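Numbered as in the numbering used here, the sequence shown ends at 259 without a single skipped number.
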Amino acid sequence: MLSKKQFYTVIVKQSAKIILSIVIATIIISYSCKKIAGISSFVAESRAANMALEKRSEMNARLENDFKILGNGAERITNAFPPADNILSFMGALENLAQKQSLSQNLSFSDPNGKAIDYTVTLNGNLITLINYMKDFENLPYFSSIYSLEIRSGQFGWLDNSSIAMKARLNVR
Numbered sequence: 087m088l089s090k091k092q093f094y095t096v097i098v099k100q101s102a103k104i105i106l107s108i109v110i111a112t113i114i115i116s117y118s119c120k121k122i123a124g125i126s127s128f129v130a131e132s133r134a135a136n137m138a139l140e141k142r143s144e145m146n147a148r149l150e151n152d153f154k155i156l157g158n159g160a161e162r163i164t165n166a167f168p169p170a171d172n173i174l175s176f177m178g179a180l181e182n183l184a185q186k187q188s189l190s191q192n193l194s195f196s197d198p199n200g201k202a203i204d205y206t207v208t209l210n211g212n213l214i215t216l217i218n219y220m221k222d223f224e225n226l227p228y229f230s231s232i233y234s235l236e237i238r239s240g241q242f243g244w245l246d247n248s249s250i251a252m253k254a255r256l257n258v259r
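Written out as structure tokens, the structure reads:
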């Protein structure tokens, strides 16, 4: 039989072993949790990067397909923005439109303002030729927008000689 002192010694030793085992287990569990958290974070980042890469790959494939459809569209887009110091081709296109519709036309251009040039077109003709001019204007291969349009009918109505004053903006490079 064990004496009280031996009994307490055995209990203290066993308790110390248990406490030491609990401390070691806590340290191991804490270390493992940190490792698992790090791995989880890495997996989440990898998954996000993979999703971003997939989206970029899909977008790249769509762009390649769009470029195939466009053909020389990039060149057409570049040509749609004439240089600010040389808008003669645009002016020529407007003159051709007026001649095609047998309209008299006056053009006045302002100085370039950043990436745009404001201009005014004054046309004289009957309603049908003015409408045809506007339809052809819409199909010009230039990035130009109309921001003001004033139409005046002639003395005998719309079928008589009428005028259009159009203020517009030509986007340039």
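Glycine included, C-beta positions come from ideal geometry on N, C-alpha and C.
Treat the numbers as computed from the prediction; the structure is a model and nothing was measured.
How about the region 232–246 and the region 171–188: do they share at least three Cβ pairs that are nearer than 8 Å?
no
Unbroken beta strand (DSSP E) run spanning Asp-204, endpoints
Your numbering for residue 204 matches position 118 in the sequence shown. Segment 202–211, the beta strand (DSSP E) holding Asp-204.
Give the straight-line distance between the Cα atoms of Ile-203 and Leu-174, rounded to the nearest whole angstrom.
Along the sequence shown, one-based indexing puts residue 203 at 117. Along the sequence shown, one-based indexing puts residue 174 at 88. Straight-line spacing of the CA atoms in Ile-203 and Leu-174 works out to 13 Å.
Contained alpha helix (DSSP H) runs [length at least 4] in the region 103–152, N- to C-terminal order
none
I think Val-258 touches Pro-198, with their Cβ atoms under 8 Å apart; what is that distance to the nearest whole Å?
On the sequence shown, position 172 is the one that residue 258 refers to. On the sequence shown, position 112 is the one that residue 198 refers to. At roughly 6 Å, the Cβ-Cβ gap stays under 8 Å, so Val-258 and Pro-198 are in contact.
With the cut-off set at 8 Å, would you say Ile-250 and Leu-216 are in Cβ contact?
Residue numbering aside, residue 250 sits at position 164 when the sequence shown is read from its first letter. Residue numbering aside, residue 216 sits at position 130 when the sequence shown is read from its first letter. It is a contact, given that the beta carbons lie within the stated cut-off.
Let me know the secondary structure DSSP gives Ile-214 once reduced to three states.
Counting from 1 along the sequence shown, the entry for residue 214 is found at position 128. The DSSP-derived three-state label of Ile-214 is helix.
Length of the line joining the Cα atoms of Ser-101 and Ile-114:
Walking along the sequence shown from the start, residue 101 turns up at place 15. Walking along the sequence shown from the start, residue 114 turns up at place 28. Looking at the two C-alpha atoms, the distance is approximately 20 Å.
Within the same chain, show all residues whose beta-carbon is closer than 8 Å to that of Val-96, passing over the 5 residues directly before and after it, in chain order.
Here residue 96 refers to the residue found at position 10 of the sequence shown. If we look at Val-96 and ignore the five residues flanking it on each side, its Cβ neighbours are Leu-88.
Sub-8 Å separation of Leu-189 and Leu-213 beta-carbons:
Start at 1 with the first residue of the sequence shown, and residue 189 comes out as number 103. Start at 1 with the first residue of the sequence shown, and residue 213 comes out as number 127. Result no, Cβ atoms of Leu-189 and Leu-213 do not sit closer than 8 Å.
Spatial neighbours of Ala-179 within its chain, please: CB distance less than 6 Å, with the 5 preceding and 5 following residues excluded, ordered by chain position.
Sequence index remark: in the sequence shown, residue 179 carries index 93 (1-based). Cβ within range, chain order: Leu-226.
If the criterion is Cβ atoms closer than 8 Å, does the pair Leu-256 and Tyr-205 meet it?
The count along the sequence shown starts at 1 and reaches residue 256 at position 170. The count along the sequence shown starts at 1 and reaches residue 205 at position 119. Yes, Cβ-Cβ distance for Leu-256 and Tyr-205 is below 8 Å.
How far does the alpha helix (DSSP H) with Phe-176 in it extend, from its first residue to its last?
Position 90 of the sequence shown, counted from the first residue, corresponds to residue 176. Start and end: 174–186.
Less than 6 Å between C-beta atoms, sequence neighbours within five positions excluded: which residues of the same chain meet that for Ala-135?
Numbered from 1 along the sequence shown, position 49 holds the residue referred to as residue 135. Non-local beta-carbon contacts of Ala-135 in its own chain, meaning distances under 6 Å to residues more than five positions away in sequence, are absent.
Taking the alpha-carbon positions, what's the Gly-157 to Cys-119 distance?
Indexing the sequence shown from 1 puts residue 157 at position 71. Indexing the sequence shown from 1 puts residue 119 at position 33. Whole-angstrom Cα-Cα distance: 56 Å.
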